[in-house]
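Peer 1:
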Amino acid sequence: MRVVVFFSGTGTNLKSILDHQNEYGYVVCSCFTNNPKAEGLIFCEEHKVNCKIIDHKDFNNREEYDGLINSFLENLNPDLIVLAGYMRIMSKSLVDNWEGQIVNIHPSLLPKYPGLHTHQRALKAKDKVHGSTIHFVTSELDAGPIIRQESFEIESSDTTESLIKKVKNLEHKIYPETISLLLK
Ligand code: GAR
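Below you can see the structure in the form of structure tokens.
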């Protein structure tokens, strides 16, 4: 089962997905980033996985940019497209072409807090629980059908930084597991 992973930054979820390939029986056949300086590129190198880099800053037009992504995906024909901290909105035509095959992980208990700054928003709202959601990607931002959601209790000592850490630790466990289940 062939997986393509999209990321934009630190890539700790990418690392976890790569590290669990043998255990869960899927193969990351390629990666994609919009950010030539993404720290996560190091994990592609370590695992000797090709990473296609297309800098979104070189494009004014999202359709044109996503057209290149579509060609990249058509050449690979993966079973699953995994967004792991990919911080670009995908155009409707791209999402429609790969409907049911693109999954995303989002650091909140959706439908709470789509978009950015989810940890700060949970703290500000004095939420008792926080967590992460894996969902299918549709053309509506962070709103596709939910596949899996995991939560934990927020402690009075929690800060944005501690919540980021707790959510990522959770994500590193549930994302590879869920990918393997989706591919069965
Ligand atoms: C993860 O926490 C992921 O849930 C979030 O970005 C982080 C990426 O971390 N994704 C989004 O906010 C998407 N809306 P990583 O680069 O270390 O894997």
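Position one of the sequence shown corresponds to residue 1 (our numbering), numbered consecutively onward. C-beta: ideal position from N, C-alpha, C; glycine also. Quick caveat: nothing in here was measured; it's all calculated off a predicted structure.
Are the Cβ atoms of K52 and S30 separated by less than 8 Å?
Peer 2: yes
Peer 1: Closer than 7 Å: is that where the CB of T178 sits relative to any heavy atom of the ligand GAR?
Peer 2: It does not: the Cβ of T178 is nowhere closer than 7 Å to a heavy atom of the ligand GAR.
Peer 1: What does DSSP give as the partner residue(s) for Q149 in the beta ladder?
Peer 2: BP columns for Q149 point to T133.
Peer 1: Taking 7 Å as the cut-off, is the beta-carbon of S91 closer than that to any non-hydrogen atom of the ligand GAR?
Peer 2: no
Peer 1: Taking R2 as part of the beta strand (DSSP E), name the residues at either end of that continuous run.
Peer 2: R2 to F7
Peer 1: Kindly indicate which three-state DSSP category V49 falls into: helix, strand or coil?
Peer 2: coil
Peer 1: Run through the DSSP bridge pairs and tell me what C31 is partnered with.
Peer 2: V5 and C51
Peer 1: If we call anything under 8 Å between Cβ atoms a contact, is N104 one with H130?
Peer 2: no
Peer 1: Would you kindly check if the distance between the Cβ of M1 and the Cβ of L183 is under 8 Å?
Peer 2: Note that the C-beta distance between L183 and M1 is below 8 Å.
Peer 1: With 16 as the cutoff for other CB atoms within 10 Å, does D55 come out buried or exposed?
Peer 2: exposed
Peer 1: Compute every distance between the C-beta of L14 and the non-hydrogen atoms of the ligand GAR, then say whether any falls below 7 Å.
Peer 2: yes
Peer 1: Tell me whether N22 sits in a helix, a strand or coil according to DSSP, three-state version.
Peer 2: helix
Peer 1: Just to confirm, are L14 and V5 a CB contact at a threshold of 8 Å?
Peer 2: In this structure, L14 lies near V5, with their beta-carbon atoms less than 8 Å apart.
Peer 1: Since L80 sits in a beta bridge, which residues does DSSP pair it with?
Peer 2: Beta-bridge partners assigned by DSSP to L80: V3.
Peer 1: Tell me where the alpha helix (DSSP H) around N97 begins and ends.
Peer 2: K92 to N97
Peer 1: Pick helix, strand or coil for H106, following the three-state DSSP scheme.
Peer 2: strand
Peer 1: DSSP state of T138, grouped into three classes?
Peer 2: Here T138 sits in coil by DSSP.
Peer 1: Taking Cβ positions, are S8 and N50 nearer each other than 8 Å?
Peer 2: no
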